[in-house]
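Novice:
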Amino acid sequence: MLFRRLLPATAVVAALTFAAACGGAADDTLAGKAEDGGLTIGIRFDQPGMAQRRLDGKYVGFDVDVAKYVAQQFGVPESGITWKEARSADRERLIANGDVDFVVATYSITDKRKEQVAFAGPYFQTGQGVLVRYTENDITGPQTLNGKRLCSVTASTSAQKVKSEFAQGVELVEYGQYSDCVIALLAGNVDAVTTDEVILAGYVAENPELLKLVGEPFTTERYGVGLAKSDAEGRVEVSAAIERMVGSGEWRKSLERNIGQAGVRLPDPPQVTEK
Ligand code: GLU
């Protein structure tokens with residue numbers, strides 16, 4: 081009698097353990113999430129050259145190509161991707177909440193961010209620069225920004241750097257996205273915009289008669305693919321996908337196609353370290 085009463089309970093425990101081993105646990109990894117043929121990816125919508133949502137609804141840019149390559153390595157074709165906008169201040173939250181499966185959005189790998197998310201990569205390296213109006217003569221680099229209105233984006237490493245290094249002399253104006261900073265610059269509401277040179281170069285390429293870059297890059301930014309902190313397996317697989325993209329020649333081709341016209345030196349691929 082006792083045996084008969086215990087048996088179903090034992091069976092239930094066994095069944096649950098089996099389910100966790102086969103399905104439940106795997107669902108939390110990127111491979112598990114991609115099993116249904118779809119992935120939700122966080123990118124920027126307003127960064128020409130890196131990731132831009134065109135008027136025809138298509139997404140183009142180097143970050144977009146990296147995202148598509150990684151998705152494909154998990155068996156997800158472009159048609160299976162849902163793109164979601166991931167602005168600077170939203171990236172950690174989108175990943176932690178599971179609103180996106182991963183982020184490819186000019187996302188610098190930092191120790192502080194690693195407290196909340198994991199990074200694969202890096203897949204690109206750039207540095208912070210300064211963008212001004214083409215007619216500007218006074219601002220020649222970050223050291224000439226005293227008393228000037230400088231625009232950057234909330235929660236970016238760029239705004240953080242300005243606060244820690246130029247805070248006394250600069251009036252920092254923060255917006256939610258870089259395209260708004262560029263509009264403010266063109267309208268004369270700010271004097272300069274700062275963020276990664278590769279992002280700024282994309283705006284110069286769109287308006288070469290109105291905008292220019294000044295000075296030399298003054299930080300090192302290593303872009304990683306952001307994903308759930310718990311997904312160590314996913315991190316290793318995405319890093320391997322990045323190495324394959326580089327090895328196949330796709331990485332260089334995409335860079336030339338998307339950034340080639342922007343007037344910045346195209347860097348070599350960085351060493352993938354987050355594995
Ligand atoms: N790469 C820097 C960052 O991750 C600046 C660019 C951005 O805000 O996306 O904060």
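Each residue of the sequence shown is one higher than the last, beginning at 81 in the working numbering.
Ideal placement from N, C-alpha and C gives every residue a C-beta, glycine not left out.
1) Buried or exposed: where does G122 fall if 16 or more other Cβ atoms within 10 Å of its Cβ makes it buried?
2) Classify F298 as helix, strand or coil using the three-state DSSP reduction.
3) Say the cut is 8 Å; is the CB of D126 nearer than that to a heavy atom of the ligand GLU?
4) If we ignore side chains and look at the alpha-carbon of each, how far apart do N287 and D126 end up?
5) Is it the case that the Cβ atoms of V250 and N217 are separated by a distance below 9 Å?
6) How many Å lie between S238 and G329 at the Cα?
7) Grab me the residues of P349's own chain with a C-beta within less than 7 Å of its C-beta, minus the 5 sequence neighbours each way, in chain order.
8) Rounded to whole angstroms, what is the Cα-Cα separation between Y203 and T299?
9) Would you please state the rounded distance, in angstroms, between the beta carbons of L252 and L266? I believe it to be under 8 Å.
10) Smallest Cα separation from A198: which of S188, D145, Y214 and K164?
11) Strictly by DSSP, which residues pair up with W163?
12) So, at 7 Å on beta carbons, what are the nonlocal neighbours of Q196 in its own chain, with the 5 sequence-adjacent residues on each side left out?
13) So, helix, strand or coil for V183, using DSSP?
14) Examine the ligand GLU and report whether any of its heavy atoms sits within less than 8 Å of the Cβ of I339.
15) When you measure from the CB of I279 to every non-hydrogen atom of the ligand GLU, does any distance come out below 8 Å?
16) Tell me whether Y139, by its Cβ, gets closer than 8 Å to a heavy atom of the ligand GLU.
17) For T206 and T190, what's the separation of their Cα atoms in angstroms?
18) Can you tell me which of the three DSSP states R345 falls into?
19) Which of the three DSSP states, helix, strand or coil, is assigned to E354?
20) Give the secondary structure of T224 by DSSP, where H, G and I count as helix, E and B as strand, and everything else as coil.
21) If you compare alpha carbons, which of T224, Q153, I279 and Y214 is closest to N338?
22) Give a single yes or no on whether R336 has its beta carbon closer than 8 Å to a heavy atom of the ligand GLU.
23) Give me the Cα-Cα distance between D183 and L290, rounded to the nearest whole angstrom.
Specialist: According to the structure data:
1) Taking the sequence shown and counting its residues from 1, the one referred to as residue 122 is at position 42. Of the other Cβ atoms in all chains shown, 16 or more fall within 10 Å of the Cβ of G122; this residue is therefore buried.
2) Here residue 298 is taken as the residue at index 218 of the sequence shown, counted from 1. Coil at F298, not helix or strand.
3) Working through the sequence shown from its first residue, we reach residue 126 at position 46. Not so, every heavy atom of the ligand GLU lies at least 8 Å from the Cβ.
4) Residue mapping note: residue 287 aligns to position 207 of the sequence shown, counting from 1. Residue mapping note: residue 126 aligns to position 46 of the sequence shown, counting from 1. Cα to Cα, the separation comes out at about 14 Å.
5) To locate residue 250, count along the sequence shown from 1; it is residue 170. To locate residue 217, count along the sequence shown from 1; it is residue 137. No, the pair does not count as a contact, with Cβ atoms beyond the cut-off.
6) As a working mapping, residue 238 is identified with position 158 in the sequence shown. As a working mapping, residue 329 is identified with position 249 in the sequence shown. Roughly 30 Å between the two C-alpha positions.
7) Numbered from 1 along the sequence shown, position 269 holds the residue referred to as residue 349. The residues V326 and W331, in chain order, have a CB closer than 7 Å to that of P349 in the same chain once the five nearest residues on each side in sequence are set aside.
8) Along the sequence shown, read from residue 1 onward, the residue named residue 203 stands at position 123. Along the sequence shown, read from residue 1 onward, the residue named residue 299 stands at position 219. Y203 and T299 have their alpha carbons spaced roughly 17 Å apart.
9) Against the sequence shown, residue 252 aligns to sequence position 172. Against the sequence shown, residue 266 aligns to sequence position 186. With a Cβ gap of about 19 Å, L252 and L266 do not count as contacting.
10) As a position in the sequence shown, residue 198 is number 118, starting the count at 1. Out of S188, D145, Y214 and K164, the CA that lies nearest to the CA of A198 is found in S188.
11) Translated into positions along the sequence shown, residue 163 becomes position 83. BP columns for W163 point to I121.
12) Position 116 of the sequence shown, counted from the start, is the residue given in the question as residue 196. These residues qualify, in order along the chain: E172, A176 and K309.
13) One-based indexing of the sequence shown puts residue 183 at position 103. DSSP places V183 within a strand segment (E or B) once states are collapsed to three.
14) The residue labelled residue 339 in the question sits at position 259 within the sequence shown. Outside the cutoff, so no.
15) Taking the first residue of the sequence shown as 1, we reach residue 279 at position 199. Yes, since a heavy atom of the ligand GLU falls inside the 8 Å radius drawn around the Cβ of I279.
16) Numbered from 1 along the sequence shown, position 59 holds the residue referred to as residue 139. Within the chosen limit of 8 Å, the ligand GLU does not reach the beta carbon of Y139 with any heavy atom.
17) Mapped onto the sequence shown, residue 206 falls at position 126. Mapped onto the sequence shown, residue 190 falls at position 110. Distance between the alpha carbons of T206 and T190: 14 Å.
18) For this step, residue 345 is matched to residue 265 along the sequence shown. In this structure, R345 counts as coil in the three-state DSSP scheme.
19) One-based indexing of the sequence shown puts residue 354 at position 274. Annotated three-state conformation of E354 is coil, per DSSP.
20) Taking the sequence shown and counting its residues from 1, one reaches residue 224 at position 144. Here T224 sits in helix by DSSP.
21) The residue labelled residue 338 in the question sits at position 258 within the sequence shown. Selected option, being the one with the closest Cα: I279.
22) Here residue 336 corresponds to residue number 256 of the sequence shown, with the count starting at 1. One detail in the question is off: residue 336 reads as Glu in this sequence, not Arg. No - the ligand GLU has no heavy atom lying nearer than 8 Å to the Cβ of E336.
23) Sequence index remark: in the sequence shown, residue 183 carries index 103 (1-based). Sequence index remark: in the sequence shown, residue 290 carries index 210 (1-based). Contrary to the premise, residue 183 reads as Val rather than Asp in this sequence. Straight across, the Cα-Cα distance linking V183 with L290 is about 31 Å.
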